[in-house]
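Chains A and B are the protein sequences, given in the same order. Numbering (the working numbering) for the first sequence: 32 to 171. Numbering (the working numbering) for the second sequence: 32 to 171. Just so it is clear, CB atoms sit at the ideal spot from N, CA and C, and this is done for glycine as well. It should be emphasised that the depicted structure is a prediction, and the values quoted were computed from it without experimental measurement. Data first, discussion second: the structure below is written as structure tokens.
Number of protein chains: 2
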Amino acid sequence: MKRSKKGVGKFRSVCPIASTLDLVGDKWSLLVVRDLLRGRSTYGELASAPEKIPTNILADRLRRLEDAGLIESSAYQERPVRYAYKLSAKGEALEDVLRAFVTWGKAHIPGTKTYTEVARSNERQTAARAGSRKPSRNPR
Amino acid sequence: MKRSKKGVGKFRSVCPIASTLDLVGDKWSLLVVRDLLRGRSTYGELASAPEKIPTNILADRLRRLEDAGLIESSAYQERPVRYAYKLSAKGEALEDVLRAFVTWGKAHIPGTKTYTEVARSNERQTAARAGSRKPSRNPR
DNA sequence: TACGTCACTTGCATTTTGCAAGTTTCATTG
DNA sequence: CAATGAAACTTGCAAAATGCAAGTGACGTA
Chain A
32 MKRSKKGVGK FRSVCPIAST LDLVGDKWSL LVVRDLLRGR STYGELASAP
82 EKIPTNILAD RLRRLEDAGL IESSAYQERP VRYAYKLSAK GEALEDVLRA
132 FVTWGKAHIP GTKTYTEVAR SNERQTAARA GSRKPSRNPR
Chain B
32 MKRSKKGVGK FRSVCPIAST LDLVGDKWSL LVVRDLLRGR STYGELASAP
82 EKIPTNILAD RLRRLEDAGL IESSAYQERP VRYAYKLSAK GEALEDVLRA
132 FVTWGKAHIP GTKTYTEVAR SNERQTAARA GSRKPSRNPR
């Protein structure tokens, strides 16, 4: 599996902001990181996010993020081989950046809701419709 | 001056991260914001950043950021009319996001230096070469 | 043997970037 | 007053990135 070495040392400037953007400054990378932070790990799980990332882009981003050392992949089963992706320490550290995005987005873009809020409101909806039968174990 | 109304309400999802990325999730927007935070304000000043943003992209980003309400432009002189750009409160609030980028970049991308660090080292260089004459008032 | 699934890959069409050169509006210089 | 220069963009076009749909390979299951 040829994982190209290209991209080493091609930052636009020494500015940490510009350089970080060179790694994850596109429309999709940080969303992949977001989902990995939320515990998603397989290709299918990542592909099923509400934003509907095109599968070829997802494959490309996983490759780039791995090349950049932000994520690691490992086979979670043989026969057939299936890979699981997880953040490296470096990648996990992006949580602070994501948190800043959440704060700004919630404060300045009306209608945005965090993952947790959406989950909570779905719960209420479901509870209302179902008349709150079944304590609903193992919610996902 | 036709400032298109397109783009209103076309966010990929209700996620604040995804939505924020829809506004500023590209390679250049946040660098423009960075420079405005640093007090740059004219087209020329913005264009002369070390990353060398193409001028058509700069014009486009200024338009988009203004449409999104992140910056405001005003003529700073007539004859000839010249515009100055500044961040709105909404735009200034992105400082927290930028700070998170700086922290992450400095910690994980070797060789990156903040604006202030670069200035300091230039100062030392200059001081060394000049034998430290002139106390250098008004540092920027 | 015939599906179905997961994890990708491939082939384009469309959109976005990027580079270089051109334009407009003045102010200044000779 | 003609020539030059600068600031702030615009335009044209090539190159790269993105997006969509369909295809592929390796299984497991019916």
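Please report the residue range of the beta strand (DSSP E) in which residue i lies.
i     : result
B/L89 : Looking at the DSSP string, B/L89 is not in any beta strand (DSSP E); the run it does join, the alpha helix (DSSP H), is 86 to 98.
Which residue from the options puts its Cα closest to that of residue i?
i      : options                       : result
B/K117 : B/P141, B/E109, B/H139, B/E97 : B/E97
A/S104 : A/V45, A/R110, A/S119         : A/S119
A/P81  : A/R65, A/D91, A/N87           : A/R65
A/Y114 : A/S72, A/W135, A/K41, A/L54   : A/S72
B/A49  : A/G56, A/S50, A/T51           : A/G56
A/E123 : B/W135, B/E126, B/G142, B/G70 : B/W135
A/K58  : B/G70, B/L68, B/F42           : B/F42
B/I88  : B/A106, B/Q108, B/V63         : B/V63
A/L52  : B/A150, B/A131, B/E148        : B/A131
A/L129 : A/L93, A/S152, A/L67, A/G142  : A/L67
B/D91  : B/Y74, B/Y107, B/S79          : B/Y74
B/E126 : B/A150, B/E109, B/S60, B/N153 : B/S60
B/G100 : A/I140, A/R95, A/T86          : A/I140
With a threshold of 7 Å, establish whether the CB of residue i neighbours any heavy atom of the ligand PLP.
i     : result
A/S50 : The ligand PLP is not part of the structure shown, which contains no ligands of any sort.
What does residue i pair with, by DSSP beta-bridge criteria?
i      : result
B/K121 : According to DSSP, which records beta bridges pairwise, B/K121 is partnered with nothing at all.
A/R113 : A/Q108
Give the range of the alpha helix (DSSP H) segment to which residue i is assigned.
i      : result
A/E126 : 126 to 139
Which of the three DSSP states, helix, strand or coil, is assigned to residue i?
i      : result
A/P166 : Confidence at A/P166 is low in this model, with a pLDDT of 44, below 50, so the placement of that residue should be treated as unreliable; the coordinate-derived value is given next. Here A/P166 sits in coil by DSSP.
A/A150 : helix
B/R155 : helix
**Item:** Unbroken stretches of the alpha helix (DSSP H), 4 residues or longer, contained in the region 40 to 90 of chain B
**Value:** 47 to 55, 60 to 68, 74 to 78
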